[in-house]
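Visitor:
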Amino acid sequence: VGDTARVPYGNKSSDRIQKFSYEITQWLIEQDCKMVVVACNTASSLALDYLKSKFSVSVIGVISPGVDYAMQATNNRNIGVLGTQATIHSDAYGKQLRSIQSDITVVSQSCPLFVPLVEEGWVEGDVPLAIAKSYLQSLQKSIVDTVILGCTHYPLLEGIIRDVLGADINLVDSGEATADVVKSIIVKNNYVSDNQHGGIHCFVTDDPGSFDVLADRFVHASISATTHIDIF
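Going by my numbering, the sequence shown opens with residue 92, and the numbers climb by one from there.
Next comes the structure, spelled out in C-alpha coordinates:
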(Lines of atoms letter the chains of each structure in order from A and count residues from 1; the text may use other names and numbers.)
(Lines give C-alpha, C1' and ligand atoms only; values in the text may rest on other atoms or scores of the structure.)
Protein backbone atom coordinates (compact mmCIF):
# COMPACT_ATOMS: atom_id res chain seq x y z
CA VAL A 1 0.00 0.00 0.00
CA GLY A 2 1.23 3.45 -0.94
CA ASP A 3 -0.39 6.21 1.11
CA THR A 4 -0.22 8.67 -1.77
CA ALA A 5 -3.05 10.80 -0.34
CA ARG A 6 -1.15 11.67 2.83
CA VAL A 7 2.53 11.74 1.91
CA PRO A 8 5.04 13.01 2.78
CA TYR A 9 5.26 11.45 6.24
CA GLY A 10 8.60 13.08 7.02
CA ASN A 11 7.08 16.32 8.30
CA LYS A 12 4.14 14.77 10.19
CA SER A 13 3.78 14.37 13.96
CA SER A 14 4.38 10.98 15.56
CA ASP A 15 0.68 10.70 16.45
CA ARG A 16 -0.36 11.21 12.83
CA ILE A 17 2.22 8.73 11.58
CA GLN A 18 1.07 6.09 14.07
CA LYS A 19 -2.56 6.65 13.09
CA PHE A 20 -1.86 6.41 9.36
CA SER A 21 0.34 3.33 9.83
CA TYR A 22 -2.31 1.61 11.94
CA GLU A 23 -4.99 2.18 9.30
CA ILE A 24 -2.81 0.78 6.53
CA THR A 25 -1.71 -2.24 8.57
CA GLN A 26 -5.31 -3.00 9.56
CA TRP A 27 -6.32 -2.96 5.89
CA LEU A 28 -3.46 -5.26 4.91
CA ILE A 29 -4.34 -7.77 7.62
CA GLU A 30 -7.94 -7.74 6.41
CA GLN A 31 -6.52 -8.91 3.07
CA ASP A 32 -5.07 -11.95 4.92
CA CYS A 33 -1.43 -10.83 4.76
CA LYS A 34 0.91 -13.13 6.68
CA MET A 35 3.54 -10.42 7.19
CA VAL A 36 3.58 -6.64 7.04
CA VAL A 37 6.70 -4.69 6.06
CA VAL A 38 6.74 -1.06 7.13
CA ALA A 39 8.67 0.02 4.04
CA CYS A 40 9.13 3.61 5.19
CA ASN A 41 11.92 4.81 7.45
CA THR A 42 9.79 7.51 9.05
CA ALA A 43 6.96 5.09 9.88
CA SER A 44 9.47 2.49 11.08
CA SER A 45 11.08 5.08 13.35
CA LEU A 46 7.86 6.29 14.92
CA ALA A 47 5.21 3.58 14.53
CA LEU A 48 6.86 0.13 14.40
CA ASP A 49 6.70 -0.65 18.13
CA TYR A 50 3.13 0.66 18.24
CA LEU A 51 2.09 -1.62 15.36
CA LYS A 52 3.78 -4.63 16.93
CA SER A 53 1.78 -4.03 20.11
CA LYS A 54 -1.50 -3.92 18.18
CA PHE A 55 -1.20 -6.80 15.72
CA SER A 56 -0.26 -10.47 16.05
CA VAL A 57 1.23 -10.91 12.56
CA SER A 58 4.93 -10.32 11.93
CA VAL A 59 5.58 -6.61 11.41
CA ILE A 60 9.02 -5.82 9.99
CA GLY A 61 10.62 -2.38 9.80
CA VAL A 62 13.57 -1.02 7.84
CA ILE A 63 15.67 0.39 10.70
CA SER A 64 17.18 -2.79 12.17
CA PRO A 65 18.19 -4.31 8.81
CA GLY A 66 19.85 -1.04 7.80
CA VAL A 67 21.72 -0.89 11.10
CA ASP A 68 22.94 -4.49 10.77
CA TYR A 69 24.23 -3.87 7.23
CA ALA A 70 25.95 -0.65 8.31
CA MET A 71 27.73 -2.39 11.19
CA GLN A 72 28.98 -5.03 8.78
CA ALA A 73 30.15 -2.42 6.27
CA THR A 74 31.98 0.07 8.51
CA ASN A 75 35.68 -0.27 9.24
CA ASN A 76 36.15 2.70 11.57
CA ARG A 77 32.81 2.70 13.46
CA ASN A 78 31.94 6.17 12.15
CA ILE A 79 28.53 6.00 10.48
CA GLY A 80 26.42 8.69 8.84
CA VAL A 81 22.63 8.63 8.64
CA LEU A 82 20.57 10.55 6.08
CA GLY A 83 16.81 10.76 6.52
CA THR A 84 13.68 12.85 6.74
CA GLN A 85 13.25 15.37 9.52
CA ALA A 86 11.05 12.96 11.50
CA THR A 87 13.47 10.04 11.14
CA ILE A 88 16.49 12.08 12.17
CA HIS A 89 14.64 13.75 15.05
CA SER A 90 13.62 10.32 16.39
CA ASP A 91 17.30 9.19 16.41
CA ALA A 92 16.04 5.68 15.66
CA TYR A 93 19.19 4.71 13.77
CA GLY A 94 21.53 6.31 16.30
CA LYS A 95 19.86 4.55 19.23
CA GLN A 96 20.10 1.13 17.59
CA LEU A 97 23.68 1.66 16.45
CA ARG A 98 24.75 2.72 19.95
CA SER A 99 22.87 -0.23 21.48
CA ILE A 100 25.21 -2.49 19.52
CA GLN A 101 28.38 -0.52 20.24
CA SER A 102 28.16 2.29 22.77
CA ASP A 103 31.22 4.23 21.58
CA ILE A 104 30.21 4.35 17.92
CA THR A 105 30.13 7.79 16.28
CA VAL A 106 26.91 8.65 14.45
CA VAL A 107 26.57 11.75 12.26
CA SER A 108 22.92 12.34 11.33
CA GLN A 109 21.56 14.76 8.76
CA SER A 110 18.01 15.47 7.63
CA CYS A 111 17.61 16.03 3.89
CA PRO A 112 14.00 17.22 3.41
CA LEU A 113 14.43 18.27 -0.23
CA PHE A 114 15.73 14.88 -1.36
CA VAL A 115 12.24 13.34 -1.55
CA PRO A 116 10.70 16.02 -3.81
CA LEU A 117 13.84 15.98 -5.97
CA VAL A 118 13.44 12.25 -6.57
CA GLU A 119 9.70 12.47 -7.17
CA GLU A 120 10.23 15.23 -9.73
CA GLY A 121 12.95 13.22 -11.46
CA TRP A 122 15.81 15.55 -10.44
CA VAL A 123 18.33 12.82 -9.59
CA GLU A 124 21.30 14.24 -11.48
CA GLY A 125 22.61 17.64 -12.56
CA ASP A 126 23.60 20.90 -10.91
CA VAL A 127 20.44 21.41 -8.83
CA PRO A 128 20.50 18.16 -6.80
CA LEU A 129 24.30 18.37 -6.57
CA ALA A 130 24.13 21.84 -5.00
CA ILE A 131 21.48 20.70 -2.52
CA ALA A 132 23.46 17.57 -1.63
CA LYS A 133 26.62 19.63 -1.06
CA SER A 134 24.70 21.83 1.36
CA TYR A 135 23.18 18.93 3.29
CA LEU A 136 26.30 16.77 3.42
CA GLN A 137 28.76 19.31 4.81
CA SER A 138 28.75 17.77 8.28
CA LEU A 139 29.46 14.32 6.85
CA GLN A 140 32.26 15.70 4.67
CA LYS A 141 33.91 17.21 7.75
CA SER A 142 33.66 13.91 9.63
CA ILE A 143 35.49 10.62 9.10
CA VAL A 144 32.40 8.50 8.39
CA ASP A 145 33.16 5.59 6.07
CA THR A 146 29.58 4.31 5.88
CA VAL A 147 26.31 6.17 5.31
CA ILE A 148 22.83 4.74 5.83
CA LEU A 149 20.35 5.97 3.23
CA GLY A 150 17.53 6.24 5.75
CA CYS A 151 14.72 6.94 3.30
CA THR A 152 13.52 4.71 0.49
CA HIS A 153 13.81 7.61 -1.97
CA TYR A 154 17.48 8.27 -1.33
CA PRO A 155 19.06 5.34 -3.27
CA LEU A 156 17.97 7.10 -6.45
CA LEU A 157 20.38 9.88 -5.48
CA GLU A 158 23.28 7.49 -4.91
CA GLY A 159 25.31 8.99 -7.76
CA ILE A 160 24.93 12.53 -6.45
CA ILE A 161 25.76 11.45 -2.89
CA ARG A 162 28.91 9.68 -4.10
CA ASP A 163 29.89 12.79 -6.08
CA VAL A 164 29.88 14.71 -2.79
CA LEU A 165 31.21 12.13 -0.32
CA GLY A 166 33.52 10.19 -2.64
CA ALA A 167 33.30 6.99 -4.63
CA ASP A 168 34.69 4.85 -1.80
CA ILE A 169 31.97 5.67 0.74
CA ASN A 170 29.88 2.67 1.82
CA LEU A 171 26.23 3.44 1.12
CA VAL A 172 23.68 1.23 2.87
CA ASP A 173 20.26 0.93 1.24
CA SER A 174 17.90 0.16 4.13
CA GLY A 175 15.26 -1.06 1.69
CA GLU A 176 17.59 -3.60 0.12
CA ALA A 177 18.72 -4.76 3.55
CA THR A 178 15.09 -5.22 4.60
CA ALA A 179 14.27 -7.21 1.47
CA ASP A 180 17.03 -9.69 2.37
CA VAL A 181 15.65 -10.06 5.90
CA VAL A 182 12.09 -10.55 4.64
CA LYS A 183 13.25 -13.22 2.20
CA SER A 184 14.96 -15.16 4.98
CA ILE A 185 11.84 -14.95 7.19
CA ILE A 186 9.61 -16.14 4.35
CA VAL A 187 11.82 -19.17 3.75
CA LYS A 188 12.25 -19.93 7.47
CA ASN A 189 8.51 -19.83 8.17
CA ASN A 190 7.58 -21.69 4.99
CA TYR A 191 5.56 -18.79 3.61
CA VAL A 192 6.84 -19.55 0.13
CA SER A 193 4.02 -20.19 -2.32
CA ASP A 194 4.04 -23.09 -4.77
CA ASN A 195 2.74 -20.66 -7.37
CA GLN A 196 5.61 -19.79 -9.70
CA HIS A 197 3.74 -16.91 -11.31
CA GLY A 198 3.53 -14.21 -8.66
CA GLY A 199 2.98 -10.54 -9.33
CA ILE A 200 3.14 -7.08 -7.81
CA HIS A 201 -0.26 -5.55 -7.04
CA CYS A 202 -0.04 -2.03 -5.65
CA PHE A 203 -2.81 -0.31 -3.74
CA VAL A 204 -2.77 3.46 -3.32
CA THR A 205 -4.90 5.95 -1.42
CA ASP A 206 -4.91 8.52 -4.24
CA ASP A 207 -4.10 9.03 -7.94
CA PRO A 208 -2.96 5.64 -9.30
CA GLY A 209 -1.74 7.29 -12.51
CA SER A 210 0.84 9.46 -10.75
CA PHE A 211 1.91 6.50 -8.65
CA ASP A 212 2.60 4.42 -11.75
CA VAL A 213 4.93 7.12 -13.07
CA LEU A 214 6.92 7.12 -9.83
CA ALA A 215 6.87 3.33 -9.55
CA ASP A 216 8.69 3.07 -12.86
CA ARG A 217 11.64 4.85 -11.23
CA PHE A 218 11.67 2.71 -8.08
CA VAL A 219 10.58 -0.79 -9.06
CA HIS A 220 12.74 -2.68 -11.52
CA ALA A 221 9.96 -5.16 -12.23
CA SER A 222 6.59 -5.24 -13.92
CA ILE A 223 3.68 -4.10 -11.75
CA SER A 224 0.62 -6.28 -12.35
CA ALA A 225 -1.96 -3.69 -11.29
CA THR A 226 -2.45 -0.47 -9.33
CA THR A 227 -5.75 -0.03 -7.50
CA HIS A 228 -7.19 2.91 -5.58
CA ILE A 229 -8.50 2.13 -2.08
CA ASP A 230 -10.25 4.11 0.65
CA ILE A 231 -8.96 3.27 4.12
CA PHE A 232 -9.81 6.42 6.07
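Even for Gly, the Cβ is constructed at its ideal location relative to N, Cα and C.
(1) Cutting at 7 Å between CB atoms, please list the residues of its own chain near proline 219, excluding the five before and the five after it.
(2) Output the boundary residues of the alpha helix (DSSP H) element that contains alanine 130.
(3) Examine the Cβ distances between the region 172 to 183 and the region 237 to 246 and report whether three or more of them are shorter than 8 Å.
(4) Measure how close the beta-carbons of cysteine 124 and valine 153 come, nearest whole angstrom, since I'm counting them as under 8 Å.
(5) Please confirm if the region 178 to 192 is in contact with the region 135 to 146, defined as three or more CB-CB distances below 8 Å between the two stretches.
(6) With DSSP as the reference, label phenylalanine 294 as helix, strand or coil.
(7) Taking C-alpha atoms, which residue in Glu210, Val198, Glu211, Ser315 lies nearest to alanine 226?
(8) Throw me the rounded Cβ distance for the aspartate 298 and threonine 95 pair, which I believe falls under 8 Å.
(9) Would DSSP call glutamine 192 helix, strand or coil?
(10) With distance defined between alpha-carbon atoms, name the residue in Ile234, Leu139, Tyr245 nearest to tyrosine 113.
(11) Pick helix, strand or coil for alanine 312, following the three-state DSSP scheme.
(12) What residues match up with asparagine 169 in a beta bridge as DSSP calls it?
(13) Looking at the unbroken beta strand (DSSP E) that takes in aspartate 264, where does it start and where does it end?
(14) State the Cα-Cα distance for the pair alanine 270 and asparagine 280, rounded to the nearest angstrom.
(15) CB aspartate 303 to CB threonine 317, shorter than 7 Å?
(16) So cysteine 328 and threonine 296 are in contact, right, with Cβ under 8 Å, and what is the actual spacing, rounded?
Guide: In brief:
(1) Non-local beta-carbon contacts of proline 219 in its own chain, meaning distances under 7 Å to residues more than five positions away in sequence, involve Leu208, Trp213, Leu248, Ile251 in chain order.
(2) No alpha helix (DSSP H) contains alanine 130, which DSSP labels as neither H nor E.
(3) Yes, they touch.
(4) Contact doesn't hold; Cβ gap of about 17 Å is too wide.
(5) Cβ pair count under 8 Å is three or more, so yes.
(6) Strand, per DSSP.
(7) In the sequence as displayed, the identity of residue 226 is tyrosine instead of alanine. Of Glu210, Val198, Glu211, Ser315, the residue nearest in Cα terms is Val198.
(8) Confirmed, Cβ separation roughly 6 Å.
(9) Glutamine 192 falls in the coil class under three-state DSSP.
(10) Residue Leu139 is the option with its Cα nearest to tyrosine 113.
(11) Correct three-state label for alanine 312: coil.
(12) As computed with DSSP, asparagine 169 is found in a beta bridge with Thr196.
(13) Aspartate 264 -> beta strand (DSSP E) spans 261 to 264.
(14) So the alpha carbons of these two residues sit roughly 15 Å apart.
(15) Using a Cβ distance threshold of 7 Å, aspartate 303 and threonine 317 count as a contacting pair.
(16) Lying outside 92 to 323, the shown extent of the chain, residue 328 is not represented and no answer is given.
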